[in-house]
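S.K.: My structure is below; once you've seen it, I'll send some questions.
In this note's numbering, the protein residues as written are 6 to 339.
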């Protein structure tokens with residue numbers, strides 16, 4: 006995940022008012038009706054940029070600074086495929102049919118659009134940036150682009166292979182399938198569509214010789230996901246306190262193994278690693294913005310001694326806390 010993705014997201018959404026989702030159709034001849042935003046938070050915002058690529062194929066750049074957004078999709082009767090690539094942030098999608106999946110940076114998913122007429126997207130990191138391909142497989146296969154035609158690859162084949170038994174497939178970032186789309190995010194717009202046309206065909210050819218990944222995401226109830234977010238919010242609200250898995254399990258009446266598994270599904274990391282990352286970010290912010298002593302900062306971020314904080318901070322940032330503070334102050338004066 007690019008380290009400055011939140012700044013890039015803010016720049017992309019700079020002209021979008023809070024409480025709105027802006028849909029920018031880049032052509033008068035889109036193949037699909039843009040999704041209708043049913044609900045977005047009053048302090049949240051989003052933007053969808055939509056381009057037609059080939060007959061029956063559209064590319065959408067999705068950018069959200071939000072906790073959640075709810076959509077209604079006008080889905081016709083034709084077989085439709087959607088491919089989503091997460092570039093930065095994290096997203097959890099739940100639908101009225103019970104489909105629930107999570108994507109982190111570098112992950113790629115495929116699902117049939119009939120499974121997502123009503124969709125709620127939740128953003129554990131309060132933001133998301135990613136591309137999606139929406140495909141009418143009948144239109145695509147009636148007039149395929151050159152490389153797909155020459156290779157005998159069809160949209161119907163891809164839909165059946167990856168969305169048949171489970172309704173969806175998810176490739177993790179470790180499998181590198183989504184990596185071929187990374188260059189799309191940094192191209193000037195004049196090159197985006199020509200390049201996206203090539204990358205779409207490359208992706209379809211790659212998928213045609215790739216087996217569906219094993220189903221690694223379990224089905225969880227909406228109430229369980231809400232409970233995990235509640236646990237996360239509790240820990241984030243007071244980082245001076247350290248709660249063990251066992252303590253949280255007893256407090257929220259949830260099995261420890263379910264808690265660990267579901268937390269990793271929602272937030273993409275084990276609970277301990279996730280909280281350590283946030284503790285270090287909070288410590289760095291306190292070093293930059295306050296004159297608190299290292300002992301005081303250690304207490305605020307949940308470390309029993311400044312020596313333990315120092316070791317953890319150096320492991321995370323590569324410098325001692327005192328060096329980090331000095332460097333940031335010097336940069337602020339220059």
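The beta-carbon is built from N, C-alpha and C at its ideal position, and this holds for glycine as well.
Report the rounded CA-to-CA distance for residue 164 versus residue 116, giving the unit in angstroms.
M.R.: 8 Å
S.K.: Go through its chain and collect everything with a Cβ distance to residue 321's Cβ below 6 Å, but skip five positions before and after it.
M.R.: 285
S.K.: Leaving aside the five residues before and after residue 205 along the sequence, list all residues of the same chain whose C-beta is less than 7 Å from its C-beta, in chain order.
M.R.: 58, 62, 138
S.K.: Going by C-alpha to C-alpha distance, which of 150, 146, 132 sits closest to residue 159?
M.R.: 146
S.K.: Measure the CB-CB distance between residue 66 and residue 176 and report whether it falls below 7 Å.
M.R.: no
S.K.: Would you list the residues sitting across from residue 294 in a DSSP beta bridge?
M.R.: Partner(s): none; residue 294 has no beta bridge.
S.K.: Measure the Cβ-Cβ separation of residue 3 and residue 252 and say whether it is below 7 Å.
M.R.: One cannot answer for residue 3 here, as it falls past the ends of the chain, which runs 6 to 339.
S.K.: Where in the region 100 to 171 do unbroken runs of the beta strand (DSSP E), each at least 3 residues long, occur, reported from the N-terminal end onward?
M.R.: 105 to 109, 113 to 117, 123 to 127, 133 to 141
S.K.: Please name the residue or residues paired with residue 54 in a DSSP beta bridge.
M.R.: 29, 66
S.K.: Tell me which residue opens and which closes the alpha helix (DSSP H) that residue 300 is part of.
M.R.: 299 to 305
S.K.: Check the C-beta distance from residue 248 over to residue 240 and give it rounded, since I have them as a contact under 8 Å.
M.R.: About 6 Å separates the beta carbon of residue 248 from that of residue 240, a gap short enough to meet the 8 Å contact definition.
S.K.: Return yes when the Cβ of residue 18 is within less than 7 Å of the Cβ of residue 68, no when it is not.
M.R.: yes
S.K.: Taking C-alpha atoms, which residue in 53, 323, 233 lies nearest to residue 129?
M.R.: Looking at the Cα atoms, 233 is the closest of the given residues.
S.K.: DSSP on residue 210, reduced to helix/strand/coil?
M.R.: Helix.
S.K.: Between which residues of its own chain and residue 339 is the CB-CB distance below 6 Å, once the five residues before and five after are set aside?
M.R.: With a pLDDT of only 48 at residue 339, under 50, the local geometry of the prediction cannot be trusted, and no value is derived from it.
S.K.: Nearest-angstrom Cα distance between residue 257 and residue 49?
M.R.: Roughly 29 Å between the two C-alpha positions.
S.K.: Which word fits residue 235, buried or exposed, when buried means at least 16 other C-beta atoms lie within 10 angstroms of its C-beta?
M.R.: exposed
S.K.: Determine the burial state of residue 290: buried for a count of at least 16 other Cβ atoms within 10 Å of its Cβ, exposed for fewer.
M.R.: exposed
S.K.: For residue 259, name the three-state secondary structure that DSSP assigns.
M.R.: coil
S.K.: Among all the DSSP beta bridges, which residues are the ones paired with residue 89?
M.R.: Per the DSSP secondary-structure output, residue 89 pairs in a beta bridge with 114, 137.
S.K.: Buried or exposed for residue 330, please, with buried defined as at least 16 other CB atoms from any protein chain shown within 10 angstroms of its CB.
M.R.: buried
S.K.: If we count the other Cβ atoms within 10 Å of its Cβ and call it buried at 16 or more, is residue 195 buried or exposed?
M.R.: exposed
S.K.: Tell me which same chain residues have a C-beta within less than 8 Å of the C-beta of residue 112, skipping the five on either side of it?
M.R.: 90, 91, 175, 176, 177, 178, 183
S.K.: At what residue ranges does the region 229 to 286 contain a whole run of the alpha helix (DSSP H), taking only runs of 4 or more?
M.R.: 250 to 257, 261 to 272
S.K.: Given a threshold of 16 other Cβ atoms within 10 Å of its Cβ, counted over all protein chains shown, does residue 70 qualify as buried or as exposed?
M.R.: buried
S.K.: Tell me the rounded alpha-carbon separation between residue 185 and residue 208.
M.R.: 8 Å
S.K.: Can you tell me the Cα-Cα spacing of residue 198 and residue 282, whole angstroms?
M.R.: Residue 198 and residue 282: Cα-Cα distance of roughly 37 Å.
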